[in-house]
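> Counting in my numbering, the sequence shown runs from 1 upward without gaps.
For every residue, glycine included, the Cβ atom is placed at its ideal position computed from N, Cα and C.
Note that the coordinates shown come from a computational prediction; the quantities given were computed from them, not determined experimentally.
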Amino acid sequence: MAKILRVNMTDRTAAYEDVPDKYKFLGGRGLTSTIVHDEVDPTCHPLGPNNKIVFAPGIVTGTNAPTSGRVSVGGKSPLTGGIKESNAGTGWSQLVGRLGIKAIIVEGYPTDDGWWGLHITKDGAEFFPADEYTGRGLYEVYPLLFDKFGKKVGIASIGIAGERKYANSGVCFNDIDNRPSRYSGRGGLGAVLGSKHLKFIVVDGEGAPGVEIVNKGLFDQGRKKLTQALRSHDITKPGGGLNSYGTAILVNIINEAGGLPTRNFREGRFEGAAKTSGEAMAELCKTRGGVGTMGHPCHPGCIIQCSNVIPNPDGSELVSVIEYETTWAFGANCGIDDLDVIGKLTWMANNYGMDTIEAGGTIAVAMEAGLAEFGDGKRAIELMEEIGKGTPLGHILGQGAAPTGKVFGVVRVPGVKGQNMPAYEPRAIKGIGMTYAISTM
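#1: Which runs of the beta strand (DSSP E), 3 residues or longer, sit entirely within the segment 101-139?
#2: With DSSP run on the structure shown, which of helix, strand or coil describes Ser232?
#3: If we ignore side chains and look at the alpha-carbon of each, how far apart do His197 and Gly91 end up?
#4: Could you tell me whether the segment 217-236 touches the segment 142-159, where touching means 3 or more Cβ pairs closer than 8 Å?
#5: Have a look at Gly159 and Ile176 and give me their C-alpha separation to the nearest angstrom.
#6: Residue ranges of each alpha helix (DSSP H) run of no fewer than 4 residues wholly in the segment 347-429, ordered along the chain?
#7: Inspect the CB distances between the segment 64-84 and the segment 127-147 and report whether three or more fall short of 8 Å.
#8: Using DSSP with H/G/I as helix, E/B as strand and the rest coil, what is Ala280?
#9: Quick one: using the 10 Å Cβ neighbour count with 16 as the cut-off for buried, is Phe128 buried or exposed?
#10: According to DSSP, what are the bridge partners of Arg182?
#11: For Cys44, count neighbouring Cβ atoms within 10 angstroms of its own Cβ and tell me buried if that reaches 16, exposed if not.
#12: Could you give the first and the last residue of the continuous alpha helix (DSSP H) run that contains Ile160?
#13: For a test of the three-state rule: what should DSSP assign to Lys76, helix, strand or coil?
#14: Please confirm if the segment 114-129 is in contact with the segment 324-339, defined as three or more CB-CB distances below 8 Å between the two stretches.
#15: Take Leu250 as the anchor and find which of His233, Arg223 and Gly278 has the nearest alpha-carbon.
#16: With contact counted as at least three CB pairs below 8 Å, one residue from each stretch, are the segment 257-272 and the segment 28-45 in contact?
#17: Which value, in whole angstroms, describes the spacing of the CA atoms of Glu107 and Gly315?
#18: Assess contact between the segment 49-56 and the segment 203-216, defined as three or more Cβ pairs (one per stretch) separated by less than 8 Å. Is contact present?
#19: Let me see if you follow: with CB-CB separation under 8 Å, is Ala349 close to chain B or not?
#20: Does the distance from the CB of Pro414 to the CB of Gly361 come in under 8 Å?
#21: Given a threshold of 16 other Cβ atoms within 10 Å of its Cβ, counted over all protein chains shown, does Ile342 qualify as buried or as exposed?
#22: For Ile35, report the span of its alpha helix (DSSP H) as first-last.
#23: What is the DSSP secondary structure of Lys237, counted as helix, strand or coil?
#24: Could you tell me whether the Cβ atoms of Leu193 and Gly162 are closer together than 8 Å?
#25: Please tell me whether Tyr109 and Thr236 are closer than 8 Å, where the distance is taken between their beta carbons.
#26: Candidates Cys172, Val291 and Ile303: which alpha carbon is nearest Gln228's?
#27: When you compare each of Val416, Gly394 and Gly205 to Val407 by their alpha carbons, which one comes out closest?
#28: DSSP state of Glu271, grouped into three classes?
#29: On the DSSP bridge assignment, give the partners of Gly89 in chain order.
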């Protein structure tokens with residue numbers, strides 16, 4: 001029987017509860033947003049004691065249903081001030097589902113300055129001190145945790161951005177190769193977790209009972225139909241569009257439609273789009289060789305496999321993964337057409353625990369303010385380094401595009417409800433403009 005794990009950071013307790021009937025058939029975004037609606041005062045401060053952050057796998061996550069390794073993270077957003085849901089693909093969620101956990105609700109407020117991690121197993125949940133891991137990059141910290149808890153655990157965490165409660169801070173999860181590279185990035189939910197001083201949630205699925213399936217025959221029938229549909233569609237099949245070129249296959253398509261926001265949304269087409277596209281990434285992997293690969297899965301059981309590992313010129317790993325929104329944010333939106341620079345900026349955002357969309361949007365606004373020229377990749381990297389160092393300028397940039405625009409008097413700030421718009425120009429793609437206007441973002 002599935003349970004809800006309620007974690008209170010005031011008294012540092014973690015206890016299981018029965019799932020209310022009204023949540024029985026909910027999972028993922030439906031569940032996180034409903035719990036936030038039911039339990040969080042809409043007038044509370046996002047970083048105060050009355051906000052909560054909720055993690056929920058999908059209703060079939062943890063089964064052998066294809067592409068089901070998703071997790072939803074929800075809370076009141078420090079950026080938008082409303083209900084926020086941010087999603088990621090990761091094996092972490094599959095372990096949570098197999099342990100019979102419907103949702104994890106983190107609430108309360110710390111009474112001291114200590115940082116904590118939570119270790120969840122089939123036998124329960126225990127806290128462990130995490131101060132020694134703070135102030136360090138996630139690419140340094142994750143291997144230490146896997147050495148401590150074993151290579152098969154899943155890790156959810158915040159980086160230094162979340163520790164500092166930057167409004168641009170996400171919740172990081174490990175990928176299939178245990179990199180800190182899968183993000184519920186949008187909305188500043190890493191700052192909410194940081195306000196509660198919960199640095200990690202480590203999940204060990206050894207001996208987990210698995211997901212209860214009421215009618216296995218019917219479930220398998222549906223699973224096979226979905227698998228066949230995905231394996232036969234030109235976009236999702238092996239060797240299809242997403243598998244061959246990743247989500248960045250959209251770069252050239254959206255650019256041709258005049259909907260690729262360029263140089264801080266000044267224009268809708270980028271002359272360097274082809275150099276930052278999924279096709280360019282595939283060619284880079286082919287010519288440089290080494291560890292470079294397209295068709296990389298973000299979690300076990302994903303049959304679409306739309307991620308990638310981008311190589312350095314010598315074939316060593318530069319970063320995994322550069323998605324469509326990321327290559328746009330650090331690319332066209334900043335006027336940068338160099339995949340090596342985009343890859344470096346992506347690695348830095350992963351290392352600091354930041355949303356790449358908001359980070360790229362912030363750099364573009366900084367360029368608009370005259371802190372750098374559009375297209376200056378070297379200066380863009382220097383601006384990201386300011387965030388990592390926690391300098392006065394870095395503190396400003398870490399709060400996101402809208403606060404950066406206010407500080408520097410920029411009038412062209414492509415934000416809605418305090419959050420930077422993603423990689424679709426609403427003046428060209430009218431439907432998504434309506435979404436920006438009426439959605440909680």
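Reading it off the structure:
#1: 101-107, 116-121 and 124-129
#2: Locating residue 232 in the sequence shown gives position 232, where the first residue counts as 1. Three-state DSSP puts Ser232 in a helix.
#3: Counted from its first residue, the sequence shown places residue 197 at position 197. Counted from its first residue, the sequence shown places residue 91 at position 91. If I take the Cα positions, the gap works out to 24 Å.
#4: no
#5: Along the sequence shown, read from residue 1 onward, the residue named residue 159 stands at position 159. Along the sequence shown, read from residue 1 onward, the residue named residue 176 stands at position 176. Using only the alpha carbons, I get a separation of about 19 Å.
#6: 356-368, 377-389, 392-398 and 401-408
#7: Result no; under three Cβ-Cβ pairs closer than 8 Å.
#8: Taking the first residue of the sequence shown as 1, we reach residue 280 at position 280. Correct three-state label for Ala280: helix.
#9: Stepping through the sequence shown from its first residue, residue 128 is reached at position 128. Per the 10 Å Cβ criterion, exposed.
#10: As a first step, residue 182 must be located in the sequence shown, where it is residue number 182. Per DSSP, Phe173.
#11: Position 44 of the sequence shown, counted from the first residue, corresponds to residue 44. It is exposed - the Cβ of Cys44 has fewer than 16 other Cβ atoms within 10 Å.
#12: Taking the first residue of the sequence shown as position 1, residue 160 is located at position 160. Residues Ile160 to Glu163.
#13: Counting from 1 along the sequence shown, the entry for residue 76 is found at position 76. The answer is strand: DSSP assigns Lys76 an E or B state.
#14: no
#15: Taking the sequence shown and counting its residues from 1, the one referred to as residue 250 is at position 250. When only C-alpha atoms are compared, the closest one is Gly278.
#16: no
#17: Counting from 1 along the sequence shown, the entry for residue 107 is found at position 107. Counting from 1 along the sequence shown, the entry for residue 315 is found at position 315. Rounded to the nearest angstrom, the two C-alpha atoms are 44 Å apart.
#18: no
#19: Annotation note: the requested chain B is absent from the structure, which comprises a single protein chain.
#20: As a first step, residue 414 is located in the sequence shown; it is residue number 414 there, counting from the start. As a first step, residue 361 is located in the sequence shown; it is residue number 361 there, counting from the start. Taking 8 Å as the Cβ cut-off, Pro414 and Gly361 qualify as a contacting pair.
#21: Working through the sequence shown from its first residue, we reach residue 342 at position 342. Burial call: buried.
#22: As a first step, residue 35 must be located in the sequence shown, where it is residue number 35. Counting along the chain, the alpha helix (DSSP H) containing Ile35 begins and ends at Gly28 to Glu39.
#23: Taking the first residue of the sequence shown as position 1, residue 237 is located at position 237. DSSP places Lys237 in coil when its eight states are reduced to three.
#24: If you number the sequence shown from 1, residue 193 lands on position 193. If you number the sequence shown from 1, residue 162 lands on position 162. A contact, by the Cβ cut-off of 8 Å.
#25: Your numbering for residue 109 matches position 109 in the sequence shown. Your numbering for residue 236 matches position 236 in the sequence shown. No.
#26: Translated into positions along the sequence shown, residue 228 becomes position 228. Considering only alpha carbons, the answer is Ile303.
#27: Start at 1 with the first residue of the sequence shown, and residue 407 comes out as number 407. For Val407, the nearest C-alpha among the options comes from Gly394.
#28: Here residue 271 refers to the residue found at position 271 when the sequence shown is read from its first residue. Coil, per DSSP.
#29: Taking the sequence shown and counting its residues from 1, one reaches residue 89 at position 89. DSSP, once it has assigned bridges, lists Arg70 as partnering Gly89.
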